[in-house]
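Quick note, the sequence shown lines up with residues 99 to 358 if you use our numbering.
Structure first, then comments.
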Amino acid sequence: MSAGERVALVTGSTSGIGLAIARRLAREGFRMALHGFAPPEGVAAIEEALRKLGAPQARHFEADLLQPAQIERLMAAVAQDHGRLDVLVNNAGIQHVAPIDQFPPERWDAILAVNLSAAFHTTRLALPLMRARGWGRIVNIASVSGLVAAPMKAAYVAAKHGLVGLTKVTALETATEAITCNAICPGWVLTPLVERQLQARHAAEGGSREDVVRQLLVKQPSQDFVTLEQVAALAAYFVSDEAAQTRGVAWNLDGGYAAA
Ligand code: NAD
99 MSAGERVALV TGSTSGIGLA IARRLAREGF RMALHGFAPP EGVAAIEEAL
149 RKLGAPQARH FEADLLQPAQ IERLMAAVAQ DHGRLDVLVN NAGIQHVAPI
199 DQFPPERWDA ILAVNLSAAF HTTRLALPLM RARGWGRIVN IASVSGLVAA
249 PMKAAYVAAK HGLVGLTKVT ALETATEAIT CNAICPGWVL TPLVERQLQA
299 RHAAEGGSRE DVVRQLLVKQ PSQDFVTLEQ VAALAAYFVS DEAAQTRGVA
349 WNLDGGYAAA
């Protein structure tokens, strides 16, 4: 079957890593279901760009992933619009940095909801659609924080470790089917999410931007950012037919971060 018949939903594909994965899958000819916050003109520009890259169809769907009822509506709308769902990339994520005893409980709840529970909801609703066609690919964008811990990131580390666990369970429950589930665990990638952290550090610590970047990358042995294209290429491999026996993997793409 050509990619052109297959439908891929990428959550949080209006920005950063999700947008890069959407662009890559569009180039491979998938019909794209986009999702994430963006002003209407931004959404229209992304839809147009993906069609130009090769997606036979590109349409944005709204849903606040903090709300399970909105996730149910999102999945029903994608299924109704396209009549199928073949690839699900759980990418949307948020971050908050604070010591545990000062961590705002509402930020804990939000990070667990967007970074972990949303993937449970999309996965439970995607599996019947994939099983109906006998093929599927689920790619969870975890983080190196799903493999190793860091101070100040209690909710993020807990959610990403949880997402790696959910990946393995999904892989086991689909092990005898043509449906796979794998996770990507990136180190630092320069996206709006990381840019906000850089600016917060700059405001708190001062110094030049180069100093702040060097400090940020101190645990990434390559001392260089992972690129958006590198993450998108690994996602494309997990989605490919060649990856049929790649199951339950949590692949760190992190400049050596988790090896140290
Ligand atoms: P980003 O801030 O650029 O993009 C996040 C996307 O998620 C946006 O499209 C945003 O609209 C969407 N989103 C956030 N909250 C949402 C909500 N409540 N409902 C619907 N959509 C929502 O972030 P990014 O850096 O591209 O991160 C993408 C994923 O990669 C996240 O899961 C993040 O944890 C993970 N990650 C990022 C890095 C990095 O260094 N940037 C490293 C490891 C893992």
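Note that the Cβ used here is the ideal one computed from N, Cα and C, for glycine as well.
As the structure is a prediction and not an experimental result, all values here were calculated from the model.
Is the separation between the beta-carbon of residue i and that of residue j shorter than 9 angstroms?
| i | j | result |
| --- | --- | --- |
| Q313 | E327 | no |
| A120 | L148 | yes |
| A66 | V242 | This structure leaves residue 66 out entirely; the chain is present only between 99 and 358. |
| N188 | I115 | no |
| A136 | I144 | yes |
| L225 | T272 | yes |
| E170 | G152 | no |
| G234 | A269 | no |
| A216 | T109 | yes |
| T220 | M173 | yes |
| R231 | H180 | no |
| L296 | R307 | yes |
| L223 | G260 | no |
List the whole-angstrom C-beta distance separating residue i from residue j, where the pair is believed to meet the contact cut-off of C-beta under 8 angstroms.
| i | j | result |
| --- | --- | --- |
| V262 | G244 | 4 angstroms |
| V287 | R182 | Incorrect: roughly 30 angstroms between the Cβ atoms, too far for contact. |
| I239 | G191 | 7 angstroms |
| E310 | R294 | Correcting the residue identity first, residue 310 is Val in this sequence and not Glu. Not confirmed; about 12 angstroms, so no contact. |
| Q193 | L264 | Incorrect: roughly 19 angstroms between the Cβ atoms, too far for contact. |
| V185 | V347 | Contact doesn't hold; Cβ gap of about 16 angstroms is too wide. |
Output needed for residue i: all residues of its chain with C-beta closer than 8 angstroms, excluding positions within five of it in sequence on either side, in chain order.
| i | result |
| --- | --- |
| M250 | V195, A196 and P197 |
| V176 | V105, L107, A131, F159 and L183 |
| D322 | L315 and G353 |
CB-CB under 6 angstroms to residue i, same chain, minus the five flanking residues each way: which ones, in chain order?
| i | result |
| --- | --- |
| W206 | A253 |
| Y335 | A341 |
| Q318 | G285, W286, G353 and Y355 |
| L117 | S111 |
| P154 | G102 and R129 |
Among the residues of its own chain, which have a CB less than 7 angstroms from the CB of residue i, if the five just before and after it don't count?
| i | result |
| --- | --- |
| I282 | V237, I239, A240, V329, L332, A333, W349 and L351 |
| K258 | N213, A240, S241, S243 and G244 |
| Q168 | A161 and D162 |
| A208 | L164 and I192 |
In chain order, which beta strand (DSSP E) runs of at least 3 residues are fully inside the region 142-179?
156-159
Extract the residue ranges of the beta strand (DSSP E) inside the region 220-255, only unbroken runs of 3 or more that lie entirely within it.
234-239
Give the list of continuous alpha helix (DSSP H) stretches no shorter than 4 residues that lie fully inside the region 179-216.
203-210
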